[in-house]
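Numbering (the working numbering), first residue to last: 188 to 342.
Contents: one structure, followed by commentary.
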């Protein structure tokens, strides 16, 4: 279970910044484990209705990651990057680049996950930076928000 998210989108010199805060009814250790264990991550990663058949996830400084989200029709959407900051159980940060030719393909963005203990619950703050425009920020907001519904269900 979780509490509703707050979402903000702002523009700066590097593009758009998306910030989402969400409170999960789970310990900080459980929320961090859901982000750091590839088997757990694959259970909730991607918008609702999608699966995650590819989940290569090495959350160590300089470690790489790649996931593919698959729609019910079988179309895959793959994204990957490199971990830039790993501080269990409070922070994960990584680059984010979509594969392929779509509007965000090849655009290097960055995601930071900050976790805060709230007496047995956890506040998650996601900051996704260097998004090219408001449409991209809105699309990523929709994807993250949908993913967090599935994350709340596995916690």
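We put the CB at the ideal spot given by N, CA and C, even for glycine.
- Counting C-beta pairs with one atom in each stretch, the region 205-220 and the region 234-244 have fewer than three that are closer than 8 Å, which means they do not touch.
- Relative to residue 239, the option among 253, 204 and 319 whose CA is nearest is 253.
- Residue 319 sits close to residue 294, with the two beta carbons spaced by under 8 Å.
- Beyond the five residues adjoining it in sequence on each side, residue 328 comes within less than 6 Å, by CB distance, of 194 and 205 in the same chain, given in chain order.
- Residue 280 holds the alpha-carbon nearest to the alpha-carbon of residue 267 among 198, 280 and 307.
- Ranked by Cα distance from residue 214, the first of 307, 303 and 316 is 307.
- Around the beta carbon of residue 302, 16 or more other beta carbons lie within 10 angstroms, which makes this residue buried.
- Around the Cβ of residue 300, a 10 Å sphere holds 16 or more other Cβ atoms; the residue is buried.
- In this structure, residue 309 keeps its C-beta atom at 8 Å or more from the C-beta atom of residue 296.
- Scanning its chain for C-beta atoms nearer than 7 Å, with the 5 sequence neighbours on each side dropped, one finds around residue 257 the residues 237, 238, 240 and 263, in chain order.
- The beta carbon of residue 325 lies closer than 8 Å to those of 196 in the same chain, with the five residues before and after it left out.
- Within a 10 Å sphere around the beta-carbon of residue 207 sit 16 or more other beta-carbons, which makes this residue buried.
- Within its own chain, the residues whose Cβ lies closer than 8 Å to the Cβ of residue 247, once the five positions on either side in sequence are excluded, are 270 and 273, listed in chain order.
- Between residue 282 and the set 260, 249, 304 and 192, the nearest pair of CA atoms involves 249.
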